[in-house]
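Participant:
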Amino acid sequence: LKYTSFVSMFFIIAFILAVVGTSFVRLVDSDFKITTKNIHGTMNMWPESFESLFKTFPLLCFAFLCHQNAFPIYNELQDASVPKMSMISVISMGICGSAYLMTGYFGYA
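Following the working numbering, the numbering of the sequence shown begins with 818 at its first residue and continues without gaps.
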């Protein structure tokens with residue numbers, strides 16, 4: 818689990834650095850111009866119907882599948898305790914949230 822997590826964190830960090838780097842290069846470039854062009858299509862924040870709710874359900878289930886790794890992580894901890902596991906959970910969710918925020922913010926810049 819340790820090596821798999823290391824590899825996945827490496828690729829996540831590489832992806833974030835690529836998105837942030839591309840964003841900075843585009844913003845620093847003197848020829849870069851912000852244009853307002855019509856984007857065809859719509860984006861909905863909430864499902865429009867009961868049927869479309871079920872289309873988003875697999876995405877939500879996949880997003881919250883991290884709990885299945887909680888027991889292997891707890892078993893690999895030195896001096897495992899509930900407060901230590903809670904702190905690891907808070908830190909990992911903070912890292913994940915900041916990764917999503919940075920990718921979302923710099924991905925549209």
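Positions of the beta carbon are idealized from the N, C-alpha and C atoms, including for glycine.
1) DSSP three-state call for W922: helix, strand or coil?
2) Suppose the cutoff is 8 Å on Cβ atoms and the five residues either side in sequence are ignored; what does the same chain contact list for L894 look like?
3) Compute the distance between the beta-carbons of V837 and M910, then report whether it is under 9 Å.
4) Give me the Cα-Cα distance between W863 and Y925, rounded to the nearest whole angstrom.
5) Provide the residue span of the alpha helix (DSSP H) that contains T839, from first to last.
6) Helix, strand or coil: how does DSSP classify E865 here?
7) DSSP on T873, reduced to helix/strand/coil?
Facilitator: From the atom records:
1) Numbered from 1 along the sequence shown, position 105 holds the residue referred to as residue 922. Checking the displayed sequence, the identity of residue 922 turns out to be Tyr instead of Trp. Looking at Y922 - three-state DSSP - the assignment turns out to be helix.
2) The residue you call residue 894 lines up with position 77 of the sequence shown. Cβ within range, chain order: K901, M902 and I905.
3) Looking up residue 837 in the sequence shown gives position 20. Looking up residue 910 in the sequence shown gives position 93. Cβ atoms of V837 and M910: not closer than 9 Å.
4) Position 46 of the sequence shown, counted from the first residue, corresponds to residue 863. Position 108 of the sequence shown, counted from the first residue, corresponds to residue 925. Computed Cα separation, rounded: 21 Å.
5) Against the sequence shown, residue 839 aligns to sequence position 22. Run containing T839: K819 to V845, per the alpha helix (DSSP H) assignment.
6) On the sequence shown, position 48 is the one that residue 865 refers to. For E865, the three-state secondary structure derived from DSSP is coil.
7) Here residue 873 refers to the residue found at position 56 of the sequence shown. In the structure shown, T873 sits in a helix (DSSP, three-state: H, G or I).
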